[in-house]
Amino acid sequence: MMEIDGSYGEGGGQILRTAVALSLITNQPVTVTRIRARRPNPGLRAQHVTAIRTLQSISNAEVDGLSVGSPQVSFHPGVIKGGSYTFDVGTAGSITLVFQTLLLASLAASQPLQLHVKGGTDVKWSPSWDYFANVFLPLVSHIGVKAEVNLKRRGFYPAGGGEAFIPIHPVKECLPFQVEEFQTYRMVEGNVAISKLPDHVSRRIKHVVVKFFLPHSM
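Under numbering that gives the first Met the number 0, residue 217 is the last one in the sequence shown; the count climbs by one each step, no gaps.
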């Protein structure tokens, strides 16, 4: 079994998420130790548990050490099966980080997946929903990943309460992808999302953003 030190480099949750997804793709068991060891709240957080539990459910994988706060996880991959699945991260755990893990693992899927995840859509230390939908997904589409997103409700810290659906289609072939040139854009679009706040808050945010971009002729 491969063993990976989860405290290597930045030592964040990305090591864990990538390790278990690649374990599923390559059919090679993996143990991740010292998970987030140097973080103020080391070990597994809710979104990590949900991401791994989701992979476990869609593939009948065997997992040891899967609980919030656990410093070590062993993952014995199974075979991904299609179907519809619903998971709740709990409170404001990141939905987008869960989806990131699943999209990587879906490269090994032979049948479509329908995923419904509840949690936080726009929370600290994770990609916002708009980044995930408008930047990340178009980028990975170049390697063959086919997924649509349906945001039902946003969820913010600390209550969460967000919901999103994502159908994932099997990838027939994983394509190479290389960025060779960058385009220059003169227009920026954005969304201001608020929850249980008066409308003037969103107007103030919009005013500050527009004021920032005006000197750049955008």
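Using N, Cα and C, we set each Cβ at its ideal position, and we do this for glycine too.
{"Item": "With G12 as the anchor, note down where its alpha helix (DSSP H) starts and where it stops.", "Value": "G12 to T25"}
{"Item": "State buried or exposed for E162, treating a residue as buried only when at least 16 other CB atoms are found within 10 Å of its CB.", "Value": "buried"}
{"Item": "Nearest-angstrom Cα distance between L43 and Y130?", "Value": "24 Å"}
{"Item": "Give the range of the alpha helix (DSSP H) segment to which T95 is assigned.", "Value": "I94 to A104"}
{"Item": "Along the chain, which unbroken stretches of the beta strand (DSSP E) at least 3 residues long are found entirely within the segment 51 to 83?", "Value": "61 to 63 and 72 to 75"}
{"Item": "Anyone know if the C-beta pair for I79 and S66 falls short of 8 Å?", "Value": "no"}
{"Item": "Pull up the CB-CB distance for A45 and T90, whole angstroms please, since I reckon it's below 8 Å.", "Value": "7 Å"}
{"Item": "Could you please give the first and the last residue of the uninterrupted beta strand (DSSP E) stretch that includes V209?", "Value": "Unbroken run through V209 is the alpha helix (DSSP H), D198 to F212; no beta strand (DSSP E)."}
{"Item": "Under 7 Å Cβ to Cβ from Q110, same chain only, skipping five residues before and after it: list those, please.", "Value": "K80, G81 and P169"}
{"Item": "What are the boundary residues of the alpha helix (DSSP H) that P166 is part of?", "Value": "From DSSP, P166 is part of no alpha helix (DSSP H) but of the beta strand (DSSP E) over G161 to H168."}
{"Item": "Return helix, strand or coil for A132, following the three-state DSSP convention.", "Value": "helix"}
{"Item": "Leaving out five residues before and five after H115 in sequence, what residues of the same chain have Cβ atoms less than 6 Å from its Cβ?", "Value": "T85 and F164"}
{"Item": "Any idea if H206 is buried or exposed, counting beta-carbon neighbours within 10 angstroms, 16 or more meaning buried?", "Value": "exposed"}
{"Item": "Can we say the segment 169 to 178 touches the segment 148 to 160, given the rule of at least three CB pairs closer than 8 Å?", "Value": "no"}
{"Item": "Which one or two residues does DSSP pair with A146 in a beta bridge?", "Value": "I167"}
{"Item": "Take the Cβ of A107 as the centre, count every other Cβ of all protein chains shown within 10 Å, and call the residue buried at 16 or more, exposed below.", "Value": "buried"}
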